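Protein chains in written order, with numbering that gives the first Met the number 0: chain A, 0 to 303; chain B, 0 to 302.
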Amino acid sequence: MTVPGNIYWIASYPKSGNTWMRAFISQFIQDEPASFDINSINSGAIASSREWVQSALDFDIHELNCDEVDFLRPEAYTWLSQQLQNPGYHKVHDAYDILPDGRPLFPAEATRGVLYIVRNPLDVAVSFANHSQKPLDSIINAMANNDFAFAGNSQGLPAQLRQRLGSWSFHVLSWRDKHRLPVKLVRYEDMLADPLATFSSVASFLQLTEDEYAVRVAVNACSFENLQTQEKQTVFREKPQVAPAFFRKGQAGDWKNALNPEQAARIIQDHGVVMRSLGYCPENESRLDAIVDRSLTALDCNMP
Amino acid sequence: MRYRAFGLSIHSDMPLRALIPVVSTRSDITIARGNVPDRLAAPAMVKPYSQSAPGELLFTVPAIARFYVTGGTMIRYQPKANSDPQTIALYLLGTGLGAIMHQRGRLVIHGNALRFSNQAVIFAGSSGQGKSTLAAAFYQKGYELLADDLASVDDRAKVHPSYPQLKLWHDSATRLHIDVERMERVRQPILKYACPLDGGFCDKPLPLKSIYILQAHNENRFEIKPVKGITKMTALIAQTYRFGHLKGLSLQHQHLKSCAQLVKQVEVVELFRPMAGFHIDALRELIEARENQSPRVGQGSAT
Numbered sequence: 000m001t002v003p004g005n006i007y008w009i010a011s012y013p014k015s016g017n018t019w020m021r022a023f024i025s026q027f028i029q030d031e032p033a034s035f036d037i038n039s040i041n042s043g044a045i046a047s048s049r050e051w052v053q054s055a056l057d058f059d060i061h062e063l064n065c066d067e068v069d070f071l072r073p074e075a076y077t078w079l080s081q082q083l084q085n086p087g088y089h090k091v092h093d094a095y096d097i098l099p100d101g102r103p104l105f106p107a108e109a110t111r112g113v114l115y116i117v118r119n120p121l122d123v124a125v126s127f128a129n130h131s132q133k134p135l136d137s138i139i140n141a142m143a144n145n146d147f148a149f150a151g152n153s154q155g156l157p158a159q160l161r162q163r164l165g166s167w168s169f170h171v172l173s174w175r176d177k178h179r180l181p182v183k184l185v186r187y188e189d190m191l192a193d194p195l196a197t198f199s200s201v202a203s204f205l206q207l208t209e210d211e212y213a214v215r216v217a218v219n220a221c222s223f224e225n226l227q228t229q230e231k232q233t234v235f236r237e238k239p240q241v242a243p244a245f246f247r248k249g250q251a252g253d254w255k256n257a258l259n260p261e262q263a264a265r266i267i268q269d270h271g272v273v274m275r276s277l278g279y280c281p282e283n284e285s286r287l288d289a290i291v292d293r294s295l296t297a298l299d300c301n302m303p
Numbered sequence: 000m001r002y003r004a005f006g007l008s009i010h011s012d013m014p015l016r017a018l019i020p021v022v023s024t025r026s027d028i029t030i031a032r033g034n035v036p037d038r039l040a041a042p043a044m045v046k047p048y049s050q051s052a053p054g055e056l057l058f059t060v061p062a063i064a065r066f067y068v069t070g071g072t073m074i075r076y077q078p079k080a081n082s083d084p085q086t087i088a089l090y091l092l093g094t095g096l097g098a099i100m101h102q103r104g105r106l107v108i109h110g111n112a113l114r115f116s117n118q119a120v121i122f123a124g125s126s127g128q129g130k131s132t133l134a135a136a137f138y139q140k141g142y143e144l145l146a147d148d149l150a151s152v153d154d155r156a157k158v159h160p161s162y163p164q165l166k167l168w169h170d171s172a173t174r175l176h177i178d179v180e181r182m183e184r185v186r187q188p189i190l191k192y193a194c195p196l197d198g199g200f201c202d203k204p205l206p207l208k209s210i211y212i213l214q215a216h217n218e219n220r221f222e223i224k225p226v227k228g229i230t231k232m233t234a235l236i237a238q239t240y241r242f243g244h245l246k247g248l249s250l251q252h253q254h255l256k257s258c259a260q261l262v263k264q265v266e267v268v269e270l271f272r273p274m275a276g277f278h279i280d281a282l283r284e285l286i287e288a289r290e291n292q293s294p295r296v297g298q299g300s301a302t
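The structure is reproduced here in structure tokens:
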């Protein structure tokens, strides 16, 4: 029997509620949760933190290429996990990747569990475009691109390690289905619609608390409105400089106001299978009925 | 072959072309190919690819070589099959000599050292914060560099020159209009180039005046924050090169004492720049204005 690791990976595609989740988690692991502050959301380093990975290695990694660094990451995470006295909570945007030699990037020895946060890709596209101030169409392309990665520039030294995300569908499937780690999947839409029930089950899975009152207090402290209000009063450190705000709308279904029918149809075409498996069924949207029907029909025809 | 760097004489059987060759019979440090033990007899710290104990550091860079650094005087290396000598040399000059400096009681700061008048200033900060790019921008303006990436400070607060080379990523070189066409890559798998410092190298130790910690923030402004009080100590500790070595080498206590000593003598400044865009000239001018409040002596002239 393998000894379970100490790390809970808080995994998600970008703009799917990871920071909101970490705000919630940090309520339970900070000394003074009462004084909640968006700039002290500190649930632990992101998995792609160059410094965190470097701290497990006694030799310089900044003159290795991305593949060479990836080779070192599984062992580094295992060691970092072994140093923890209590469970650690670490954000991840990488997909659950398997290295060329067959080792998973996030090994079982380092892992206590995986919390995977998923959001309707129609809304992700809108939020991602705002976040990065890029045109929607280029974001929709990126979400369909199996080679999509963050910090993959090989001409310089990005502050973070390269993160291979793959397409949105690949990302979801990799964390949901491609391993035997304990995994809990949470939908962003459920975090909004029924915060208490959703965050209670998260708190239990992550071994944060079983106390419903404590969950209620934490949910209130880091409600989306509270995060937004705080961001209006202070500069949020995790916001990209180009984005007007990090906590923008935090709604489900805002894509209807932002995507044109072709853009929506494109996303459904690219990700319809995985969307359906998550209950993101866009069939009932009247304005888009015709286009959606058409793309779903096309999709069904293309299914093996 | 004998070289000098960090105020020490180095005898190496591996050519280290970045270093200044010397004719000497003395050697403070020996670098030699040989058998490297699989493990230490009594490791104080075990990490995935390394083990350490007082006076000993053993590390393996996969597919490159295994290295054994002992007593502040010796680096033994055992290449892996078909490994690339250039990469081995890079690790000897980086992690290897860095560990030697730790073992010799030097305070090693992860940063670039530059000459201002007759004093040294260090640009520190995490990897990717632009230390070398900023140093290159100063070099272009005729300033002299003492060290790239690894600044070695002795117990009298003097920075020792390392070697006349600056390593620059392709992006940084392009932004500074430096032509990398005829430069050699520091190792083939990466687009980072060895830029020789023609005449822009200060080859004598200089007293350390200030340490700038480079950081980026998401605001569209620069901010200079001199660090005071107890946070000055923690800020300095955080800039230590391969801080993780110290515990296994049992040097934590000595390191704290060195930092406590140094904070009394030097200024520590946090320097924030906007995350978006490239602001190297503004950054350089900001530091220049601050450092040159008193008139410079002999700046830019050959030593």
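All C-beta atoms, glycine included, are put in the ideal place defined by N, C-alpha and C.
Since the model is a prediction, treat every value here as computed from it, not as a measurement.
- A/A202 counts as buried, since at least 16 other C-beta atoms from the protein chains shown sit within 10 angstroms of its C-beta.
- For the segment 140 to 158 of chain A, residues whose beta-carbon sits nearer than 8 Å to a beta-carbon of chain B comprise N152, S153, Q154, G155, L156, P157 and A158.
- The Cβ of A/A107 sits no closer than 8 Å to any Cβ of chain B.
- For A/L205, there are no C-beta contacts with chain B under 7 Å, since the nearest C-beta of that chain is about 26 Å from it.
- By the CB criterion at 8 Å, B/T29 and A/F58 fall outside the cutoff.
- The beta carbon of B/L56 falls within 8 Å of a beta carbon belonging to chain A, placing the residue at that interface.
- DSSP places B/Y90 inside the alpha helix (DSSP H), whose first and last residues are P84 to Y90.
- With fewer than 16 other CB atoms across the displayed protein chains lying within 10 angstroms of its CB, B/L255 is exposed.
- Exposure of B/H176 is indicated by the presence of fewer than 16 other C-beta atoms within 10 angstroms of its C-beta.
- Each of A/N225, A/R118 and A/N256 was checked against the Cα of A/K14, and the nearest Cα belongs to A/R118.
- By the criterion of at least three beta-carbon pairs nearer than 8 Å, the segment 148 to 165 of chain A is in contact with the segment 42 to 62 of chain A.
- For B/L190, the C-beta contacts it makes with chain A under 7 Å involve S153 and Q154, in order along the chain.
- Taking 8 Å as the threshold, the shortest C-beta distance from B/G127 to chain A falls below it.
- A straight line joining the alpha-carbon of B/G276 with that of B/G127 spans about 14 Å.
- Between A/D269 and the set A/A242, A/A109, A/F169 and A/N256, the nearest pair of CA atoms involves A/F169.
- A/L56 sits close to B/Y48, with the two beta carbons spaced by under 8 Å.
- One finds D59 in chain A with Cβ atoms closer than 7 Å to the Cβ of B/G93, taken in chain order.
- DSSP places B/V158 inside the beta strand (DSSP E), whose first and last residues are K157 to H159.
- Per DSSP, A/Y7 is one residue of the beta strand (DSSP E) stretching across I6 to S11.
- B/S249 and A/P194 have their alpha carbons spaced roughly 49 Å apart.
- Classified as exposed, A/C280 has fewer than 16 neighbouring CB atoms from the shown chains inside 10 Å of its CB.
- Following the DSSP letters along the chain, one finds A/S131 in no beta strand (DSSP E) but inside the alpha helix (DSSP H) bounded by residues P120 to S131.
- For A/I266, the enclosing alpha helix (DSSP H) has its first and last residue at P260 to S276.
- Residues A202 and S203 of the same chain have their beta carbon placed closer than 8 Å to that of A/E209, with the five preceding and five following residues left out of the count.
- Taken through DSSP and simplified to helix, strand or coil, B/K256 comes out as helix.
- For A/L172, there is no enclosing beta strand (DSSP E); the enclosing alpha helix (DSSP H) has its first and last residue at W167 to D176.
- Of all residues in the segment 233 to 244 of chain B, only R241, G243 and H244 come within less than 7 Å of chain A when Cβ atoms are compared, listed by chain position.
- What B/E180 touches in chain A, judged by beta-carbon distance under 8 Å, is nothing: the nearest beta carbon there is about 15 Å away.
- Taking a contact as a CB-CB distance under 8 Å, the pair A/L191 and A/A251 counts as one, their CB atoms being some 6 Å apart.
- Interface annotation for the segment 239 to 259 of chain A against chain B: P239, Q240 and V241, criterion Cβ-Cβ distance under 7 Å.
- Contact of B/N217 with chain A is assigned, a C-beta pair being separated by under 8 Å.
- For A/A55, the C-beta contacts it makes with chain B under 7 Å involve K46 and P47, in order along the chain.
- Taking every protein chain shown into account, the CB of B/Q238 has 16 or more other CB atoms within 10 angstroms, so this residue is buried.
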